[in-house]
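Residue numbers (this note's numbering): 1395 to 1731.
Glycine included, every Cβ here is placed at the ideal spot set by N, Cα and C.
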C-alpha cells in the first residue's frame, strides 16, 4: 500500500517526466530531500525501489543526483548518508530518458560576492551554472548573515538576469564556493539557527552545486581589508588601523552606524591599548575606512558623533575588560630582575 509521501512523489514525478527539465527536477528533489525526516528517509527509498515505476525511478535518480556530490563533502544529514540515495540511482537513471542523466552534470561559469543591503549586514554569494549541453543556465544565490557570524540564512535559484539587479563584484568561483560551504556548515552546526522559510528546501541543492566547483577554498578568505590603501599619512595611523582590522575580523563588508558606535565607544575602551598618537589618528582612520566601505552618510555621521569622546573613554580604566586590565597592570608594574 502506498504511503501519502509515495503517492505525492509519483504524482509530481509524472509531471516532471513531461517537463523533461533537469533543473526543475533537481529543485523538486531538493525540496523532497529537505522534507524527509531521517527516520522516514530509509523507508521512503525502500518504497521507491519496490514500486519500480518510471515516476519512482525518476525520484531515485533525482535524489541521487544531489546526494552523489555531497558524498565528497558535508553530508546532508549525519543520519541520512548519501549512499542511501545513490545505491539505486545509476540503475534508475539507466531505465529513464537521456535527459535524466544530465541532472547534476553542470559547470560553474561565474561567481560574485558582495553586500545584500546598504550596511552589509548580509552578504550575497552567487555562483552561475549551466548543464553540459548548455541549456538551463541558472544562478545559485546564498545569503550569509554577517551579524551572526556568517550563517547561511537563505538560498534561492534564479535565471542569470537576476544578477542585473544586484551590486555584486565578480570573484573566483572556488573562493565563493568555499564561502557558501562554510556558511552552510555553520548553519548546520547552530541549533535553532534563524533562517528564512525558503532556506531548507534549497539547502540540499545549494550544497550539491557548491561541491561541483573544483577545489573550493576553505576557509574562504576575504581580501577586502588588503585592498584598503587610503590610510591617512599621520603618526599612529598604522597602529590605529591594526586595531580596526582586528575588530572588523573576517566580516569586512558589515559596516553600519551601530557597528561604528560599538567600535569607538565600547570595543576600543574595553579591549585596546593604544598610544596617544593612535588614539588621535583613530577618527581619521575610521573615516577613511568608512569612505572605502561605501561612504554611507549615516555611517560617517556616526563617526563624527562618537569620535570626540574617544580620548576620554580610552582614559577611563573602569571601562577596560579583564584582559586589558591585566595587560595594563603588567605594563605599569616595575621590571623584575
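Using the Cβ count rule (16 or more neighbours within 10 Å means buried), how would you classify residue 1402? Along the chain shown, one-based indexing puts residue 1402 at 8. So residue 1402 ends up on the exposed side.
Near residue 1682, what residues of its chain come up, given a Cβ to Cβ distance below 7 Å and the 5 sequence neighbours on each side ignored? Residue 1682 sits at position 288 when you count from the first residue of the chain shown. Here residue 1682 has 1624, 1625, 1626 as same chain residues with Cβ atoms under 7 Å from its own Cβ, once five neighbours each way along the sequence are excluded.
Using 10 angstroms around the beta-carbon of residue 1724, count the other beta-carbons present and answer buried if the total reaches 16, otherwise exposed. One-based indexing of the chain shown puts residue 1724 at position 330. Exposed: under 16 other Cβ atoms inside 10 Å.
Mind checking who residue 1524 pairs with in its DSSP beta bridge? Here residue 1524 refers to the residue found at position 130 when the chain shown is read from its first residue. According to DSSP, residue 1524 shares a beta bridge with 1501.
Spatial neighbours of residue 1484 within its chain, please: CB distance less than 8 Å, with the 5 preceding and 5 following residues excluded, ordered by chain position. For the purposes of this step, residue 1484 is identified with residue 90 of the chain shown, where counting begins at 1. Its chain contains 1458 as the residues whose beta carbon lies nearer than 8 Å to that of residue 1484, once the 5 sequence neighbours on both sides are disregarded; these appear in chain order.
Beta-carbon proximity list for residue 1661, same chain, < 7 Å, skipping 5 on both sides: To locate residue 1661, count along the chain shown from 1; it is residue 267. So the qualifying residues of the chain are 1641.
Assign residue 1486 to one of two classes, buried (16 or more other C-beta atoms within 10 Å of its C-beta) or exposed (fewer than that). Position 92 of the chain shown holds residue 1486. That one is buried.
Less than 8 Å between the CB atoms is what I'm expecting for residue 1604 and residue 1428, so what's the real figure, rounded? To locate residue 1604, count along the chain shown from 1; it is residue 210. To locate residue 1428, count along the chain shown from 1; it is residue 34. Going by Cβ atoms, the distance from residue 1604 to residue 1428 rounds to 16 Å, so no, they are not a contact pair.
Cβ neighbour criterion (16 or more within 10 Å) applied to residue 1576: The count along the chain shown starts at 1 and reaches residue 1576 at position 182. So residue 1576 ends up on the buried side.
With distance defined between alpha-carbon atoms, name the residue in 1440, 1399, 1452 nearest to residue 1430. Residue numbering aside, residue 1430 sits at position 36 when the chain shown is read from its first letter. Nearest of 1440, 1399, 1452 to residue 1430, Cα basis: 1399.
Given residue 1466, which residues of its chain have a CB within under 8 Å of its CB, disregarding the five upstream and five downstream residues? Start at 1 with the first residue of the chain shown, and residue 1466 comes out as number 72. With a pLDDT of only 43 at residue 1466, under the threshold of 50, the placement of this residue in the model should not be trusted, and no figure is reported.
Going by DSSP, what residues sit across from residue 1532 in a beta bridge? Position 138 of the chain shown, counted from the start, is the residue given in the question as residue 1532. Under DSSP, the beta-bridge partners assigned to residue 1532 are 1523.
In whole angstroms, what is the alpha-carbon distance linking residue 1469 and residue 1599? Mapped onto the chain shown, residue 1469 falls at position 75. Mapped onto the chain shown, residue 1599 falls at position 205. No answer about residue 1469 holds up, because its pLDDT of 45 lies below 50 and its placement is not dependable.
Am I right that residue 1510 and residue 1521 are in contact with their C-beta atoms under 8 Å? What's the rounded C-beta distance? As a working note, residue 1510 is residue 116 in the chain shown. As a working note, residue 1521 is residue 127 in the chain shown. Not really, about 15 Å apart at Cβ, beyond 8 Å.
Quick check: is the beta carbon of residue 1705 nearer than 8 Å to any beta carbon in chain E? Within the model displayed, chain E is absent; a lone protein chain is all it includes.
Under three-state DSSP, which class holds residue 1508? The count along the chain shown starts at 1 and reaches residue 1508 at position 114. Shown here, residue 1508 sits in a strand according to DSSP, grouped into three states.
Please report the Cβ distance between residue 1540 and residue 1612, rounded to the nearest whole angstrom; I am assuming they are in contact, meaning their Cβ atoms lie under 8 Å. Taking the chain shown and counting its residues from 1, the one referred to as residue 1540 is at position 146. Taking the chain shown and counting its residues from 1, the one referred to as residue 1612 is at position 218. Separation of the CB atoms of residue 1540 and residue 1612 is rounded to 18 Å, and the pair is thereby denied contact status at 8 Å.
Does the beta-carbon of residue 1696 have 16 or more other beta-carbons within 10 angstroms, so that it is buried, or is it exposed? The sequence position of residue 1696 within the chain shown is 302, counting from 1. Result: buried.
Where residue 1702 and residue 1647 are concerned, what is the direct C-alpha to C-alpha distance, given to the nearest angstrom? Walking along the chain shown from the start, residue 1702 turns up at place 308. Walking along the chain shown from the start, residue 1647 turns up at place 253. So the alpha carbons of these two residues sit roughly 25 Å apart.
From the DSSP output, which residues share a beta bridge with residue 1516? The residue given as residue 1516 occupies position 122 in the chain shown. Note: residue 1516 sits in a beta bridge opposite 1539.
Flag this pair as touching only if the region 1524-1535 and the region 1668-1679 have three or more C-beta atom pairs under 8 Å; answer yes or no. Not touching, per the Cβ criterion.
Rounded to the nearest angstrom, what separates residue 1690 and residue 1654 at their Cα positions? Here the question's residue 1690 lines up with position 296 in the chain shown. Here the question's residue 1654 lines up with position 260 in the chain shown. The C-alpha of residue 1690 lies about 12 Å from the C-alpha of residue 1654.
Since I believe residue 1525 is in contact with residue 1416 (beta carbons under 8 Å), could you give me their beta-carbon distance rounded to a whole number of angstroms? Walking along the chain shown from the start, residue 1416 turns up at place 22. Walking along the chain shown from the start, residue 1525 turns up at place 131. 6 Å between Cβ atoms; contact.
Simplified DSSP assignment, three categories, for residue 1625: Within the chain shown, the letter at position 231 stands for residue 1625. Reduced to three states, the DSSP call for residue 1625 is coil.
Please determine, among 1713, 1628, 1685, 1693, the residue with the shortest C-alpha to C-alpha distance to residue 1667. Position 273 of the chain shown holds residue 1667. Ranked by how close their Cα comes to the Cα of residue 1667, the residues 1713, 1628, 1685, 1693 have 1713 in first place.
On a CA-only basis, which of 1529, 1546, 1589, 1709 is nearest residue 1665? Give me that one, please. Here residue 1665 corresponds to residue number 271 of the chain shown, with the count starting at 1. Residue 1709 is the option with its Cα nearest to residue 1665.
What separation, rounded to the nearest whole angstrom, lies between the Cα atoms of residue 1687 and residue 1649? In the chain shown, counting from the first residue as 1, residue 1687 sits at position 293. In the chain shown, counting from the first residue as 1, residue 1649 sits at position 255. Rounded to the nearest angstrom, the gap between the Cα atoms of residue 1687 and residue 1649 is 7 Å.
Take residue 1438 as the anchor and find which of 1425, 1454, 1631, 1610 has the nearest alpha-carbon. Your numbering for residue 1438 matches position 44 in the chain shown. Nearest C-alpha to residue 1438: 1454.
Just curious, the beta strand (DSSP E) that residue 1547 is in, first and last residue? The residue labelled residue 1547 in the question sits at position 153 within the chain shown. Residue 1547 -> beta strand (DSSP E) spans 1545-1552.
Exposure label - residue 1410; buried when at least 16 CB within 10 Å: Numbered from its first residue, the chain shown carries residue 1410 at position 16. Buried.
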